[in-house]
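With the first letter of the sequence shown counted as 1, position 313 gets the number 313 in UniProt numbering; the numbers rise by one all the way through.
For reference, the structure discussed in these notes is given below.
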Amino acid sequence: MVGGKENVNSLIHCVTRLRFKLKDESSAKTEQIKGLDGVMTVVKSGGQYQVVIGENVADIYDKVMPHLNPENTTSSSETSEKSSIWNSAVQILSGLFTPVLGPLAAAGILKGFLVLLTITNVLTTKSGTYMILYAAADAVFYFLPVILGFSAGKVFHTNSYMGAVIGAALVYPDMIAAYNAGKHLTFLKIPVVLMSYAQTLIPIIAAVYFLYWVEKFLNRYIPKSLKGIFVPLLCLVIVVPVTYLVVGPVTSMLSSGLASAVLALYKLVPPLAGFILAGIWQLAVLLGLHWAFIPVFLNNIATKGFDPINAMLYCTVFGQVGAALAMAIKAKDYKFKELATTAVISGFLGITEPIIYGVTIPHKKSFVMASIGSAFGGAIAGFASAKMYGGFASGGIFGIPMFIGPKGINFEFIGFVLSLAVAFVVALVLTLLLVPGVKPETTASTSTEKATISASNALSQADMNVFAPLSGKVEPLSAVNDDVFSKGLIGKGIAVVPSEGKVTAPFDGTVVSVFPTKHALGLRSNSGIELLIHIGLDTVNLKGQHFDSLVKGGDIITLGQTLEKFDIQAIENEGYDVTVPIVVTNSNEYSDVILDDNQRSVTAGDELFSVVPQTKSEKHSAAVQA
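This is the structure:
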């Protein structure tokens, strides 16, 4: 449903979402995906195609991955759409931090509970239990350069293991000991500015980006037979010293400067900063803007030992929970009440997607009330100078101990807890007073059903004919010398052995995609028919030779318009079969594809076949089977 495994550049998941990077997002059947059991919604943000699942996302991820080709990854320049600078930045940030947010949150929660256990005298910092658990929690942060080195390797398309090794070199015990002892080291008589890189993030990211260019340069000039040994060797010899001499000190100073600048802005008017940031935070999350803040949170922890920004934003989860609880209380529709109640429970655990996409976004006033409650909560957290210590908080009740400082429970922490309560209560009360309860006829599912029926009626009245895109001899798909087509694996259709090397538009519609090798086009009619025109068999190997595409993805086309030209004789001289399969790739959405069995030849523009829309009973049957 996402356009096949060839359309998937990569797939990762966070706590609640499958995050696809697709070559062509228009090839994904978004509405069908939204209708699947267990799918809350689909979000397109920051260059990612995000399928919101909820707490079962890891299980779904494990089931999806075997159907993908792990080697089928490309750089962003190979996708059918050029990413904007912002989308590229979001993709880099999400690629760097999404895989490690789970361990970071878990380690932060464990650290918070250890603080709670020590101030209540349940454990002492000298006990073996404390030391082992603290090692488990602190290792994630201490060795963050190693973890991020691996992530950065994947993001920058260089050797991930080399990235991890460079991260390990930055926290190597002897180098840390030299820094702590105040030693003065040189490298080839060049003075080295020693710094502590434990728990840092910007230096290793910059170092791995430098590694990408070094590795790219070496791969260009070192013979293939020697690459396996000499490329990694020279990368280590070049990148690690340069990082210690230049990259590390410069980026460390930038990190400290960034943290100081953020804290200086925060200190101007903390309550106002909390009010504004918390009020717009959930909207920023929806737009994918929150990724820009995550490095700031972690950088503050690494350089200052605390972060006040996340402390002001933490209450936004409880604002959403308060609004959802109010909607559950007021709802007269049983299914919606059950949905909202379940979402409240997951919200208290820090998972807000079920609330946002199932409750507050479909009923926008409740989202506004949640944001207002969050704004007041954020203002209180700012007034109390609340801070997050030594961890990364993703939300929920289990993260609360992370906000207990070295001095124990004090005014800062009490103010922080009060901010959560205020956000929750204000959102709850405002939603109860100002937002109408959900009645059965106004539920999202009813609205969706009505929209589906209307769309179905419109579709049944639309033109369902497909006209010949080229002239030549007509053959059944079963006669094509390729099992993918002959067995109907990607849909029903027909084949044409062309007599002229020209492809024309078979209907009015849109070009979904033109394959980089120009041997195939994906089209969509205005009535929803999705058509693949595949020029020749195995002609992908020609890498675009003998093909001249006149359109690109996203172009509007009209019936009879010339889309592509190709050289039949040259393709045959290369040893390839020029048979052109023409396939309805969304055949499962139609009752039938009607072909003329007596048709032996066709001229471009002749009626080739037609599709029959499904009846209501067929749609119901398909839904039950699904």
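For glycine and all other residues, C-beta sits at the position ideal for the given N, C-alpha and C.
Drop a sphere of 10 angstroms on the beta-carbon of residue i, count the other beta-carbons inside from all chains shown, and report buried for 16 or more, exposed for fewer.
i	result
K5	exposed
D483	exposed
N300	buried
T360	buried
K439	exposed
D24	buried
N598	exposed
D606	exposed
K552	exposed
R220	exposed
P223	exposed
V13	According to the sequence shown, residue 13 is His rather than Val. Buried: at least 16 other Cβ atoms inside 10 Å.
L572	Rather than Leu, the amino acid found at residue 572 in this sequence is Glu. Exposed.
L434	exposed
R600	exposed
T129	exposed
I190	exposed
V612	exposed
M131	exposed
H184	exposed
Q569	exposed
G408	exposed
D538	exposed
Identify whether residue i lies in helix, strand or coil by the three-state DSSP scheme.
i	result
L68	coil
A495	strand
G35	coil
N219	helix
A458	Bear in mind that a pLDDT of 39 at A458, under 50, signals an unreliable position, so the number given afterwards is only what the model happens to contain. Looking at A458 - three-state DSSP - the assignment turns out to be helix.
N7	helix
K502	strand
Y576	coil
P436	coil
I329	helix
V602	strand
S196	coil
V480	coil
I529	coil
D555	coil
L563	strand
K248	The sequence given here has Gly at residue 248, not Lys. If DSSP states are grouped into helix, strand and coil, G248 belongs with the helices.
V583	strand
G408	strand
E441	Because E441 sits at a pLDDT of 48, beneath the cut-off of 50, its placement in the model cannot be relied upon, and the following sentence gives the value as read from the coordinates. Three-state DSSP puts E441 in a helix.
Considering just the uninterrupted stretch of the alpha helix (DSSP H) at residue i, what are its terminal residues?
i	result
K365	K364 to F383
N180	P173 to N180
L283	P270 to L286
F230	K224 to V242
M312	P308 to L313
A302	I294 to K304
V165	S160 to L170
Can you tell me where the beta strand (DSSP E) holding residue i begins and where it ends?
i	result
F20	R17 to L22
A520	A520 to S525
G472	G472 to P476
L542	Here L542 belongs to no beta strand (DSSP E), and DSSP marks it neither H nor E.
G509	G509 to V514
L185	L185 to F187
F467	N465 to F467
S549	F547 to S549
With DSSP as the reference, please indicate the residues paired to residue i in a beta bridge.
i	result
Q569	Q569 is not bridged to any residue.
Q50	R19 and V43
S27	DSSP, once it has assigned bridges, lists no residue as partnering S27.
D592	V612
I190	F187
M388	D307
I12	R19
H534	A520
Indicate, with yes or no, if the ligand SAH has a heavy atom lying under 7 Å from the CB of residue i.
i	result
L428	The ligand SAH is absent from the structure shown, which contains no ligand whatsoever.
In chain order, which continuous runs of the alpha helix (DSSP H) of length 4 or greater are located wholly inside the segment 332–357?
-> 334–348
Quick one: complete alpha helix (DSSP H) runs, 4+ long, within the segment 108–143?
-> 128–142
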